[in-house]
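Scroll down for the structure; my scribbles are underneath it.
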Amino acid sequence: MQQADQSGLRDAGRGGTGEGDVFDLAAEISRRLIARDGEIYPLPDPHRVEAELDLTPPRRSQPMEAVSDRLWRLLERTPNTSGKRYFNQLFAGRDDAALLGELLTVVANNSMYTFKAAGAQILAERALLRHMGSKVGWADCDGAFTPGGSMSNYAAMLVARDAALPGVREHGFDGRPLAMYTSAESHYSIRKNAGMLGLGRDSVRFIEADADGRMRVDALRDALDRDQRAGVTPVMIVATAGTTVQGAFDPIRPIAQVARERGVWLHVDGAFGGTLLLSPKRRHTLDGCELADSFTWDAHKMMGVPLTCSVALFRNRALLQRSLDESATYLFQRDDDDYNPGVRSLQCGRRNDALKLWTAWQRHGDEGYEARVERQFALADHAVRVIEADPQLTLVKRPQSINVCFEVAGADARQVSDLLDREGRLKVSHGAVDGRPTIRLVCANPDLSTADIDEFFAEIRWAASQLRRV
Ligand SMILES: Cc1ncc(COP(=O)(O)O)c(C=O)c1O
176 MQQADQSGLR DAGRGGTGEG DVFDLAAEIS RRLIARDGEI YPLPDPHRVE
226 AELDLTPPRR SQPMEAVSDR LWRLLERTPN TSGKRYFNQL FAGRDDAALL
276 GELLTVVANN SMYTFKAAGA QILAERALLR HMGSKVGWAD CDGAFTPGGS
326 MSNYAAMLVA RDAALPGVRE HGFDGRPLAM YTSAESHYSI RKNAGMLGLG
376 RDSVRFIEAD ADGRMRVDAL RDALDRDQRA GVTPVMIVAT AGTTVQGAFD
426 PIRPIAQVAR ERGVWLHVDG AFGGTLLLSP KRRHTLDGCE LADSFTWDAH
476 KMMGVPLTCS VALFRNRALL QRSLDESATY LFQRDDDDYN PGVRSLQCGR
526 RNDALKLWTA WQRHGDEGYE ARVERQFALA DHAVRVIEAD PQLTLVKRPQ
576 SINVCFEVAG ADARQVSDLL DREGRLKVSH GAVDGRPTIR LVCANPDLST
626 ADIDEFFAEI RWAASQLRRV
């Protein structure tokens, strides 16, 4: 590993101030980071890293070159998420057009509460919300960018709460028992948000999933019936479009039918799988999503936009503002609230998470994104073929999207994942399917080749052979 005194950052370009020019320094460090795309930094002991780096803010000011040296030392001890060996989460890779938008977001540094403060950037954000809403199937919808899928789910749960319990926003809860319904495979943010919203974590009913990891609609009906008989008020149903471990899609149309019959809010958590709406060939996987009341969609997952980039979309235009609006005359001074997204936002000061998605979408267009989804699926298909051809490997479930969960004979998935991480060979996560630990390969990076997937499996076999020896 390179140390600070060898970093060479002092030779980076200089601006007129005699200090390092910030853009030259950033370009130099970025080039170094990108040059490491093929590597994974072996996961060290955090105490060792802390001892190697001097992280406490100093008393005296430092020259820029000293700051950038320290910054490089820190970044080189950071896992690389963009290269050929990163399969750990639901995001991977690097998109140049998105990066351009993100870098300039920081340079411009506008806050997205009002048109007065952010000008044309507000219009770009609105254009994206409209476009994404149209992909869900809504000609005229509302929405907001939030700091991630968990927060988009939070915004949807908040609006659903206010719709189900009139007066709760002003006066608080009246003590009646409540319930929310989501599949046993749904993301943990649903339960966490129920706690944060005062709905109660225990009021979440986890509905059994079928053999493919999809919510069972008959079990959903049974749970609603049980609660109705007990006088419990249903607040919302959350269907998941792309579950976190298996990448499974709940059957949205029949769930929407149940929601309609009972007059209950339906939210679709498409944080992971919403991007399938960009592929006409895959759209049927979310059939019926236009019947939902709200929809979460993360662009920082399958669309490859830097973290964080997520939207909460709402079919009814009025409700988000009704739940979030506050009068603040020191802020909302020009009165066309349509152009002041602060009145529909969880935050006050808010960075622009839309610009990077806007530049990426300008670059790729709808067609480019469709091709990207197809490449992700082609890599997952290839992975399935490799597994099926190798008697050491067992496919746990046939993938519904780009997550491929498998087991390795004679080696525990958790130990395989840990060993590869410790040795700096690969980052891949594990997750339980039907209670069994499995390796979860996520084919989120469309810039990989099938040879990279073959290399991934070579590493898995290496780790398994090491573990079998002990
Ligand atoms: C289905 C689903 N919903 C929500 C989230 C939360 O997204 P974020 O990490 O952006 O908060 C995730 C994250 O993995 C997810 O898989």
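Be aware that the sequence shown starts at 176, since it is given in the working numbering, and climbs by one per residue. Positions of the beta carbon are idealized from the N, C-alpha and C atoms, including for glycine.
By how many angstroms is the C-alpha of residue j removed from the C-alpha of residue i?
| i | j | result |
| --- | --- | --- |
| VAL603 | THR613 | 11 Å |
| PHE320 | ARG248 | 33 Å |
| GLN567 | ARG573 | 17 Å |
| ARG396 | GLY258 | 45 Å |
| ARG234 | PHE290 | 39 Å |
| ASN263 | LEU601 | 9 Å |
| VAL443 | ASP468 | 8 Å |
| GLU345 | ARG497 | 11 Å |
| GLN641 | ALA586 | 9 Å |
| SER361 | ASP244 | 43 Å |
| THR357 | SER364 | 11 Å |
| GLN575 | GLN421 | 8 Å |
| CYS316 | HIS222 | 49 Å |
| ILE430 | GLY388 | 15 Å |
| ILE204 | MET411 | 47 Å |
| ARG185 | PHE507 | Confidence is the limiting factor: at ARG185 the pLDDT is only 46, short of 50, which leaves the residue's position unreliable and the question unanswerable from this model. |
| MET477 | ARG435 | 30 Å |
| GLU300 | GLN522 | 16 Å |
State the DSSP-derived secondary structure class of residue i, mapped to helix, strand or coil.
| i | result |
| --- | --- |
| PRO322 | coil |
| MET390 | strand |
| LEU184 | Note that LEU184 has pLDDT 49, beneath the 50 cutoff, so the model's placement of it is unreliable and the number below is only indicative. LEU184: helix per DSSP, three-state reduction. |
| THR418 | coil |
| MET478 | coil |
| CYS580 | strand |
| MET176 | Annotation note: pLDDT 35 at MET176 (below 50); position unreliable, coordinate value reported separately. Three-state result, MET176: coil. |
| VAL645 | coil |
| ARG189 | Bear in mind that the predicted position of ARG189 carries a pLDDT of just 40, short of 50, making it unreliable; the figure below should be weighed with that in mind. In the structure shown, ARG189 sits in a strand (DSSP, three-state: E or B). |
| ALA503 | coil |
| ARG492 | coil |
| VAL617 | strand |
| PHE348 | coil |
| LEU279 | helix |
Can you tell me whether residue i sits near ligand 1, meaning its C-beta is under 8 Å from at least one heavy atom of the ligand?
| i | result |
| --- | --- |
| LEU399 | no |
| ASP609 | no |
| THR357 | no |
| LEU265 | yes |
| HIS475 | yes |
| ALA446 | yes |
| MET326 | yes |
| THR419 | yes |
| GLY375 | no |
| HIS442 | no |
| HIS557 | no |
| HIS459 | no |
| SER485 | yes |
| THR613 | no |
| SER576 | no |
| SER469 | no |
| GLY323 | yes |
| HIS222 | no |
| HIS605 | no |
Pull up the CB-CB distance for residue i and residue j, whole angstroms please, since I reckon it's below 8 Å.
| i | j | result |
| --- | --- | --- |
| GLY479 | GLY268 | 5 Å |
| LYS531 | ALA273 | 4 Å |
| THR408 | ARG351 | 6 Å |
| CYS618 | VAL591 | At roughly 18 Å, the Cβ-Cβ gap does not stay under 8 Å, so CYS618 and VAL591 are not in contact. |
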